[in-house]
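In the order they appear, the protein sequences are chains P and X. For the first sequence, the working numbering assigns the number 1 to the initial residue and increments by one for each residue that follows. For the second sequence, the working numbering assigns the number 1001 to the initial residue and increments by one for each residue that follows.
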Amino acid sequence: MTEVWITIAGLAVASAALKAVGPLAVGGRELPGAVYSMIGLLAPALLAALVLTQTFTHEQDLTVDPRAAGLGCAAAAVLLRAPLLVTVLVAAVGAAVTRALT
Amino acid sequence: MTRLAPYRPGLKAGVGFGLAAFVVGISFGVLAEPLMGPVAPIVMSVVVFSGSAQFGSTAVLVAGGDAATAIATGTMLNARFLPMGVAAATALHGSPLRRALEGQAVVDASWALAVRHDGGFDRELLLGATIPQYPAWVAGTVIGVLGGGALGDPAALGLDAIFPAFFLGLLAAELERPQAKAVALLGGAIALSLTPVLPPGLPVLLASAAALLGLRGER
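What follows is the structure in structure tokens.
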């Protein structure tokens, strides 16, 4: 149980520090134009990485499991311009049904 | 009232994000309760407030890992908050303490909403969108801890598909910019190809290198 509390304390400090470094170092300053070109593209790079790793990986293994079916349902919802909450719920139903059937 | 007006668009979007955070929070509570008991998961959601780090570090502990490994895993899973924080920092002003505190509002959904296609950043959207998500995340964890037994297996309910779907919805809004599709493909390819060889979290951090494409051909 102490391991749990050490983990919680350590992650609280580390997480706050990671989020504080940028604002402390840069804080409202103007940056070179090239930096803004990159920052505008950070979102698609990071979001695509999160989508794929959270669907197709388990720890360090690449896997295809019912989460992929959920993501497919979410993609259909996105193409139909569904709101974010609907997209998320459709994905959960898609994954749950696939898991129940397989 | 007028002082609150700039935050309204963010708050409005944040309610939708908050509903998703609530559902994911429930699944965290359900997952963590057998390992941690009822109090620790709630404390964790209060002081860490990060789904990916909480799920990742809990998985390490469940598998028998020690605290140092769990902290390292959670920290690497959150390493993307470093570049995200730099992006947000361009819009944060005031004393260092105030900037560091406002930087704590950086969570994936709010950040993606607040970063503009030209690389600028909207502080009010960030703060407004995070405000509903924090209590929703904590409340979801409480419900998950208390009602976990009744809900059953989070995977059977498809809750593990919620996170990627959530990020896909955010990604779709980003793809209008000309280079965004190429950057998304490259970022995704980097993350998947590095997954077998690097610890969890680092492949996602390194995917941010795909944004370097922005240095080419832009103007």
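Ideal Cβ placement from N, Cα and C applies to all residues, glycine included. Being a predicted model, the structure only gives us computed values, none of them experimental.
Cβ shell of residue i (< 6 Å), same chain only, five flanking positions each side left out
i               : result
A1180 (chain X) : E1174
L1202 (chain X) : M1076
T102 (chain P)  : none
A1136 (chain X) : G1018, A1021, F1022
Chain X contact for residue i (CB, 8 Å cutoff)
i              : result
A49 (chain P)  : yes
V64 (chain P)  : no
T102 (chain P) : no
L84 (chain P)  : yes
L18 (chain P)  : yes
L52 (chain P)  : yes
L71 (chain P)  : yes
M38 (chain P)  : yes
P32 (chain P)  : no
A76 (chain P)  : no
L46 (chain P)  : yes
Neighbourhood of residue i by C-beta distance below 7 Å, restricted to the same chain and skipping five residues each side
i               : result
W1111 (chain X) : M1084, A1088, L1126
A1182 (chain X) : L1213
A74 (chain P)   : T87, V90, A91
F1121 (chain X) : A1087, A1088, T1090, A1091, A1114, V1115
E1218 (chain X) : Confidence at E1218 (chain X) is low in this model, with a pLDDT of 48, below 50, so the placement of that residue is unreliable and no value is reported for it.
L63 (chain P)   : Residue 63 (chain P) is actually Thr in this sequence, not Leu. Closer than 7 Å at Cβ, skipping near neighbours: F56, T57.
Cβ-Cβ distance between residue i and residue j below 8 Å
i               : j               : result
G1148 (chain X) : V1047 (chain X) : no
G1128 (chain X) : G1010 (chain X) : yes
A68 (chain P)   : T55 (chain P)   : yes
V1106 (chain X) : A49 (chain P)   : no
D1195 (chain X) : G1014 (chain X) : Rather than Asp, the amino acid found at residue 1195 (chain X) in this sequence is Thr. Against a cut-off of 8 Å, the Cβ pair of G1014 (chain X) and T1195 (chain X) comes out as no contact.
P83 (chain P)   : G1016 (chain X) : yes
A1211 (chain X) : I1190 (chain X) : no
A1067 (chain X) : I6 (chain P)    : yes
A1053 (chain X) : A96 (chain P)   : no
Any C-beta of chain P under 8 Å from that of residue i
i               : result
L1146 (chain X) : no
E1218 (chain X) : Residue placement at E1218 (chain X) is poorly supported in this model, since its pLDDT is 48, which falls under 50; the coordinates still yield a value, given next. With 8 Å as the cut-off, E1218 (chain X) counts as an interface residue toward chain P.
P1200 (chain X) : yes
R1008 (chain X) : no
T1195 (chain X) : yes
T1130 (chain X) : no
G1103 (chain X) : yes
Sequence-distant residues of the same chain with beta carbon closer than 8 Å to residue i, five excluded per side
i               : result
V1023 (chain X) : G1140, L1159, I1162
E1033 (chain X) : P1041, G1144, V1145, G1148
L46 (chain P)   : none
Run of the alpha helix (DSSP H) containing residue i, from where it starts to where it stops
i             : result
G78 (chain P) : In the sequence as presented, Gly is not what sits at residue 78 (chain P); that position holds Val. 66-79 is the extent of the alpha helix (DSSP H) around V78 (chain P).
G94 (chain P) : 84-101
Worksheet entry | Any alpha helix (DSSP H) of 4 or more consecutive residues that is wholly inside the region 1079-1111 of chain X | Within the region 1079-1111 of chain X, the alpha helix (DSSP H) runs of at least 4 residues that lie entirely inside it are, in chain order, 1081-1089, 1096-1103.
Discussion item. Going residue by residue through the region 24-59 of chain P, where are the continuous beta strand (DSSP E) segments of at least 3 residues, counting only ones entirely within it?
Written reply: none
Worksheet item: What alpha helix (DSSP H) runs, 4 residues minimum, are completely inside the region 1022-1091 of chain X?
Response: 1039-1047, 1051-1062, 1067-1077, 1081-1089
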